[in-house]
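K.L.:
Before I ask anything, here is the structure I am working with.
Protein chains: 2
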Amino acid sequence: MNVFIVGVGLIGGSFAKDIKRLRPECKIYGIDTNVSHLREALDLGIIDVESSYDDLGVADMVIVSIPVDVMVTELPKILDAVNDDCVVFDGGSTKSLICKTLDSHPKRRNYLAAHPIAGTEHSGPSAAIENLYVGKTNIICEIEKTAFKLQEKALELFQQIGMRIRYMNPDAHDKHIAYVSHLSHISSFMLGKTVIDKEKNERDIFDMAGSGFESTVRLAKSSPAMWTPIFKQNKDNVVETLTEYIQNLQEFKQLLEKGDYTGIFNEMNDTNKIKEILNGIPLNKK
Amino acid sequence: MNVFIVGVGLIGGSFAKDIKRLRPECKIYGIDTNVSHLREALDLGIIDVESSYDDLGVADMVIVSIPVDVMVTELPKILDAVNDDCVVFDGGSTKSLICKTLDSHPKRRNYLAAHPIAGTEHSGPSAAIENLYVGKTNIICEIEKTAFKLQEKALELFQQIGMRIRYMNPDAHDKHIAYVSHLSHISSFMLGKTVIDKEKNERDIFDMAGSGFESTVRLAKSSPAMWTPIFKQNKDNVVETLTEYIQNLQEFKQLLEKGDYTGIFNEMNDTNKIKEILNGIPLNKK
Numbered sequence: 001m002n003v004f005i006v007g008v009g010l011i012g013g014s015f016a017k018d019i020k021r022l023r024p025e026c027k028i029y030g031i032d033t034n035v036s037h038l039r040e041a042l043d044l045g046i047i048d049v050e051s052s053y054d055d056l057g058v059a060d061m062v063i064v065s066i067p068v069d070v071m072v073t074e075l076p077k078i079l080d081a082v083n084d085d086c087v088v089f090d091g092g093s094t095k096s097l098i099c100k101t102l103d104s105h106p107k108r109r110n111y112l113a114a115h116p117i118a119g120t121e122h123s124g125p126s127a128a129i130e131n132l133y134v135g136k137t138n139i140i141c142e143i144e145k146t147a148f149k150l151q152e153k154a155l156e157l158f159q160q161i162g163m164r165i166r167y168m169n170p171d172a173h174d175k176h177i178a179y180v181s182h183l184s185h186i187s188s189f190m191l192g193k194t195v196i197d198k199e200k201n202e203r204d205i206f207d208m209a210g211s212g213f214e215s216t217v218r219l220a221k222s223s224p225a226m227w228t229p230i231f232k233q234n235k236d237n238v239v240e241t242l243t244e245y246i247q248n249l250q251e252f253k254q255l256l257e258k259g260d261y262t263g264i265f266n267e268m269n270d271t272n273k274i275k276e277i278l279n280g281i282p283l284n285k286k
Numbered sequence: 001m002n003v004f005i006v007g008v009g010l011i012g013g014s015f016a017k018d019i020k021r022l023r024p025e026c027k028i029y030g031i032d033t034n035v036s037h038l039r040e041a042l043d044l045g046i047i048d049v050e051s052s053y054d055d056l057g058v059a060d061m062v063i064v065s066i067p068v069d070v071m072v073t074e075l076p077k078i079l080d081a082v083n084d085d086c087v088v089f090d091g092g093s094t095k096s097l098i099c100k101t102l103d104s105h106p107k108r109r110n111y112l113a114a115h116p117i118a119g120t121e122h123s124g125p126s127a128a129i130e131n132l133y134v135g136k137t138n139i140i141c142e143i144e145k146t147a148f149k150l151q152e153k154a155l156e157l158f159q160q161i162g163m164r165i166r167y168m169n170p171d172a173h174d175k176h177i178a179y180v181s182h183l184s185h186i187s188s189f190m191l192g193k194t195v196i197d198k199e200k201n202e203r204d205i206f207d208m209a210g211s212g213f214e215s216t217v218r219l220a221k222s223s224p225a226m227w228t229p230i231f232k233q234n235k236d237n238v239v240e241t242l243t244e245y246i247q248n249l250q251e252f253k254q255l256l257e258k259g260d261y262t263g264i265f266n267e268m269n270d271t272n273k274i275k276e277i278l279n280g281i282p283l284n285k286k
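Shown next as structure tokens:
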């Protein structure tokens with residue numbers, strides 16, 4: 001089987017590593033506009049050969065993991081170039097605009113809209129890791145628009161690499177993911193900014209930072225090139241989550257200013273139930 | 001050596017575990033108003049014997065790890081009860097009020113004000129773990145007010161369990177810790193609240209949550225009984241950090257509303273330097 005990875009970074013590269021291990025007969029073709037990333041992916045053995053859209057005609061499967069703004073311009077071209085038995089799926093963190101863009105594409109049946117909820121704060125081919133997807137959720141949108149045999153081809157891979165599948169419509173995906181992913185990133189970036197601004201002349205203050213600060217600010221290491229287009233495409237939902245988050249912070253601040261410590265205790269106590277909720281996330285059961 | 005642990009939870013219990021391992025000749029006495037915690041600490045082998053303030057006269061070292069509001073009322077009583085060669089140190093997350101309260105205590109020289117920057121989001125004796133303190137920073141305030149021999153006694157222990165020592169005055173401690181610890185907790189609690197409020201009727205939405213959400217919201221599992229008095233004692237500094245954090249979030253939201261994506265990219269890009277800063281935190285070098 002010929003598998004093409006378009007965008008050989010953390011997400012695409014991790015798919016490639018699992019496929020190479022689980023299906024050694026597969027040949028992995030890499031495509032990337034970043035020439036040094038492509039070379040690095042080859043040197044690391046993540047891909048077998050550097051390739052281009054000209055070769056897409058021989059593809060059995062194409063995995064597209066590029067920033068979501070580029071996704072919108074590139075997925076139509078990729079679909080144009082593949083054969084009828086090829087399945088193309090993406091790993092974009094937004095789904096509405098991508099699905100809308102491809103809705104009337106003549107090869108819409110070759111496309112499967114996916115969002116594997118997995119990753120780290122690192123990026124590039126060197127960030128790719130084996131078993132990244134074990135136990136993680138893969139959200140699939142508009143499954144009914146993908147040809148049945150091509151659904152099967154993609155789902156077999158997802159199952160083999162250990163993912164759980166959830167089906168959702170693109171608008172619901174974008175709305176909910178704004179809360180459980182996009183907002184976390186902004187809260188973390190702005191926490192990092194607040195502390196850096198305050199402590200810029202006192203770097204040794206970070207000696208005081210413990211693992212609590214570290215985990216809360218971890219996502220502030222994420223790639224701006226990847227996240228800017230995500231926030232752009234999901235602007236309305238993200239603005240809504242930010243409005244609610246800021247409102248909650250202001251209320252907490254007012255409780256503190258008023259000296260309402262019973263109120264502060266209750267706010268935290270009510271939120272403690274996140275423990276049980278997080279225990280329900282399968283990735284935490286490992 | 002007779003070591004007393006007042007408050008046999010995560011912090012006190014973890015000290016006890018390391019002391020038992022490294023200094024098997026020590027006898028560990030436990031004191032706690034929570035009778036079931038005290039029994040649990042005994043059953044888990046964290047302490048050797050249940051005790052009370054009546055026994056404090058035989059103590060060589062007292063480690064006080066209780067909520068910071070109780071610290072203010074209990075530390076004077078503990079100092080009253082110990083002998084002249086006993087060192088008493090605490091693990092409170094605030095230092096100003098505690099130091100001020102003890103400033104004129106006749107046994108001030110027996111007290112060492114400490115804040116070991118270590119912990120997890122869990123609490124109680126069962127949360128105590130060995131080697132919690134390896135490579136972590138211990139902030140010590142007003143070292144000059146502790147008797148020299150008693151400084152030595154405490155510092156020997158900190159060194160033996162692998163801590164790095166930093167000296168700071170209590171007001172500076174409380175100001176900076178508001179940024180690198182207290183604010184992280186509030187941002188995490190309010191993130192948890194925002195998402196729970198929105199998704200309360202759709203629990204399966206948390207299936208969509210990945211490790212990014214999990215790490216950002218981890219601190220929202222923390223104990224409200226411990227954190228409410230911390231925020232109360234450090235109110236002014238915490239209100240200041242919250243004001244700046246909310247301001248940064250509002251500015252980010254405005255950039256998004258205006259569609260200034262270059263501005264959004266730059267905000268994130270500038271904050272990416274948190275990578276290098278965090279790499280400077282020794283606990284990450286493990």
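Residue numbers (UniProt numbering), protein chains in the order written: chain D, 1 to 286; chain Z, 1 to 286. Each residue gets a CB set at the ideal place from its N, CA and C atoms; glycine is no exception. The model shown is predicted, which means the values in this text are computed figures rather than measured ones.
1. Classify residue 243 of chain Z as helix, strand or coil using the three-state DSSP reduction.
2. Relative to chain D, which residues along the segment 208-222 of chain Z have a C-beta separation below 7 Å, given in chain order?
3. Hey, quick one: how far does the alpha helix (DSSP H) through residue 15 of chain D stretch, first residue to last?
4. Let me know if residue 189 of chain D comes out buried or exposed under the rule of 16 or more other beta-carbons within 10 Å of its beta-carbon.
5. Can you find a C-beta in chain Z that's less than 8 Å from the C-beta of residue 269 of chain D?
6. What residue does the beta strand (DSSP E) around residue 30 of chain Z start on, and which one ends it?
7. In three-state terms, what does DSSP make of residue 357 of chain D?
8. Which residues in chain Z sit within 9 Å of residue 89 of chain D, going by Cβ to Cβ distance?
9. Bridge partners of residue 139 of chain D, per DSSP?
10. I want to see whether chain D comes within less than 8 Å of residue 118 of chain Z, judged by CB atoms only; does it?
11. So who's on the other strand from residue 61 of chain D, going by DSSP bridges?
12. Relative to chain Z, which residues along the segment 174-199 of chain D have a C-beta separation below 8 Å, given in chain order?
13. What residues in the segment 237-261 of chain D have a beta carbon less than 8 Å from any beta carbon of chain Z?
14. Given residue 74 of chain D, which residues of its chain have a CB within under 8 Å of its CB, disregarding the five upstream and five downstream residues?
15. Kindly list the residues whose CB is nearer than 8 Å to the CB of residue 284 of chain Z, restricted to its own chain and excluding five residues on each side of it in sequence; keep chain order.
16. Can you name, in chain order, every residue of its own chain whose Cβ lies under 7 Å from the Cβ of residue 153 of chain Z, other than the five neighbours on each side?
17. Hey, residue 178 of chain D and residue 241 of chain D are a contact pair by Cβ (cut 8 Å); roughly how many whole angstroms apart?
18. Answer with buried or exposed for residue 119 of chain D, where buried requires no fewer than 16 other C-beta atoms within 10 angstroms of its C-beta.
19. Flag this pair as touching only if the segment 128-136 of chain D and the segment 7-15 of chain D have three or more C-beta atom pairs under 8 Å; answer yes or no.
20. In terms of residue numbering, what span does the alpha helix (DSSP H) encompassing residue 103 of chain D cover?
21. Going along chain D in order, which residues have a C-beta closer than 7 Å to the C-beta of residue 264 of chain Z?
22. Residue 175 of chain Z and residue 237 of chain Z - do their beta-carbons sit closer together than 8 Å?
23. Compare the C-beta of residue 166 of chain Z against all C-beta atoms of chain D and say whether one is closer than 8 Å.
24. Quick check: what's the CA-CA separation for residue 149 of chain D versus residue 27 of chain D?
25. Mind checking whether residue 122 of chain D and residue 10 of chain D have CB atoms under 8 Å apart?
26. Please classify residue 82 of chain D: does DSSP put it in a helix, a strand, or coil?
27. Beta-carbon of residue 158 of chain Z versus every beta-carbon of chain D: anything under 8 Å?
28. Which residues does DSSP list as the beta-bridge partners of residue 49 of chain D?
29. Once you ignore the five residues that flank residue 147 of chain Z on each side, which residues in its own chain have a CB closer than 6 Å to its CB?
30. Taking only beta-carbon positions, decide if residue 137 of chain D is within less than 8 Å of chain Z.
31. Identify each residue in the segment 10-44 of chain Z for which the Cβ-Cβ distance to at least one residue of chain D is less than 8 Å, and report them in chain order.
32. For a test of the three-state rule: what should DSSP assign to residue 260 of chain D, helix, strand or coil?
33. Residue 165 of chain D to residue 211 of chain D, Cα distance in whole Å?
34. Below 7 Å on C-beta distance, what does residue 131 of chain Z contact in chain D?
35. With 16 as the cutoff for other CB atoms within 10 Å, does residue 95 of chain D come out buried or exposed?
36. At 8 Å on the CB atoms, spell out the chain Z contacts of residue 205 of chain D, in chain order.
P.N.:
Based on what the coordinates show:
1. Residue mapping note: residue 243 of chain Z aligns to position 243 of the second sequence, counting from 1. Residue 243 of chain Z: helix per DSSP, three-state reduction.
2. 208, 209, 210, 211, 212, 213, 214, 215, 216, 217, 218, 219, 220, 221
3. Position 15 of the first sequence, counted from the first residue, corresponds to residue 15 of chain D. Start and end: 10-22.
4. As a working note, residue 189 of chain D is residue 189 in the first sequence. Buried is the call here.
5. Stepping through the first sequence from its first residue, residue 269 of chain D is reached at position 269. With 8 Å as the cut-off, residue 269 of chain D counts as an interface residue toward chain Z.
6. Position 30 of the second sequence, counted from the start, is the residue given in the question as residue 30 of chain Z. Here the beta strand (DSSP E) through residue 30 of chain Z covers 27-31.
7. With chain D represented from 1 up to 286, any question about residue 357 of chain D goes unanswered, as that position is not in the structure.
8. Sequence index remark: in the first sequence, residue 89 of chain D carries index 89 (1-based). The premise fails here: residue 89 of chain D is roughly 18 Å from chain Z at the closest Cβ pair, so nothing lies under 9 Å.
9. For the purposes of this step, residue 139 of chain D is taken as the residue at position 139 of the first sequence. In DSSP, residue 139 of chain D forms a bridge with D:115, D:166.
10. Reading the second sequence from its first residue, position 118 is the one you call residue 118 of chain Z. So, interface residue.
11. Here residue 61 of chain D is taken as the residue at index 61 of the first sequence, counted from 1. In the DSSP output, where bridge partners are listed per residue, residue 61 of chain D has D:3, D:87.
12. 176, 177, 179, 180, 181, 183, 184, 185, 186, 187, 188, 189, 190, 191, 192, 193, 194, 195, 196, 197, 198, 199
13. 238, 239, 241, 242, 243, 244, 245, 246, 248, 249, 250, 252, 253, 256, 257, 259, 261
14. Residue 74 of chain D sits at position 74 when you count from the first residue of the first sequence. Closer than 8 Å at Cβ, skipping near neighbours: 6, 64, 66.
15. Against the second sequence, residue 284 of chain Z aligns to sequence position 284. With a pLDDT of only 40 at residue 284 of chain Z, under the threshold of 50, the placement of this residue in the model should not be trusted; the figure read from the coordinates follows. Excluding sequence neighbours, residue 284 of chain Z sits near 278.
16. Here residue 153 of chain Z corresponds to residue number 153 of the second sequence, with the count starting at 1. For residue 153 of chain Z, where only same-chain residues beyond five positions count, the Cβ hits under 7 Å are 61, 87.
17. As a working note, residue 178 of chain D is residue 178 in the first sequence. As a working note, residue 241 of chain D is residue 241 in the first sequence. The pair is a contact, with the Cβ atoms about 5 Å apart (cut-off 8 Å).
18. As a position in the first sequence, residue 119 of chain D is number 119, starting the count at 1. That one is buried.
19. yes
20. As a working note, residue 103 of chain D is residue 103 in the first sequence. Premise fails: residue 103 of chain D is in no alpha helix (DSSP H) and is neither H nor E.
21. As a first step, residue 264 of chain Z must be located in the second sequence, where it is residue number 264. Residues of chain D passing the Cβ test: 228, 231.
22. Sequence index remark: in the second sequence, residue 237 of chain Z carries index 237 (1-based). Sequence index remark: in the second sequence, residue 175 of chain Z carries index 175 (1-based). Result yes, Cβ atoms of residue 237 of chain Z and residue 175 of chain Z sit closer than 8 Å.
23. For the purposes of this step, residue 166 of chain Z is taken as the residue at position 166 of the second sequence. It does: the Cβ of residue 166 of chain Z has a partner Cβ on chain D nearer than 8 Å.
24. Taking the first residue of the first sequence as position 1, residue 149 of chain D is located at position 149. Taking the first residue of the first sequence as position 1, residue 27 of chain D is located at position 27. Using only the alpha carbons, I get a separation of about 21 Å.
25. Position 122 of the first sequence, counting from 1, holds the residue named residue 122 of chain D. Position 10 of the first sequence, counting from 1, holds the residue named residue 10 of chain D. Yes. Within cutoff.
26. Counted from its first residue, the first sequence places residue 82 of chain D at position 82. Here residue 82 of chain D sits in coil by DSSP.
27. What you label residue 158 of chain Z is simply residue 158 of the second sequence in a count that begins at 1. With 8 Å as the cut-off, residue 158 of chain Z does not count as an interface residue toward chain D.
28. Residue 49 of chain D sits at position 49 when you count from the first residue of the first sequence. BP columns for residue 49 of chain D point to D:29.
29. By one-based count along the second sequence, residue 147 of chain Z stands at place 147. Here the set comprises 109.
30. Locating residue 137 of chain D in the first sequence gives position 137, where the first residue counts as 1. At least one chain Z Cβ lies under 8 Å of residue 137 of chain D.
31. none
32. On the first sequence, residue 260 of chain D is found 260 positions in, with the first residue counted as 1. Residue state, collapsed to three classes: coil.
33. For the purposes of this step, residue 165 of chain D is taken as the residue at position 165 of the first sequence. For the purposes of this step, residue 211 of chain D is taken as the residue at position 211 of the first sequence. Those two C-alpha atoms are separated by around 32 Å.
34. Taking the second sequence and counting its residues from 1, one reaches residue 131 of chain Z at position 131. Within chain D, no residue comes near residue 131 of chain Z; the closest Cβ sits about 13 Å away, beyond 7 Å.
35. In the first sequence, residue 95 of chain D corresponds to position 95, counting from 1. When all chains shown are included, residue 95 of chain D counts as buried.
36. Your numbering for residue 205 of chain D matches position 205 in the first sequence. Those within 8 Å of residue 205 of chain D in chain Z are 176, 179, 180.
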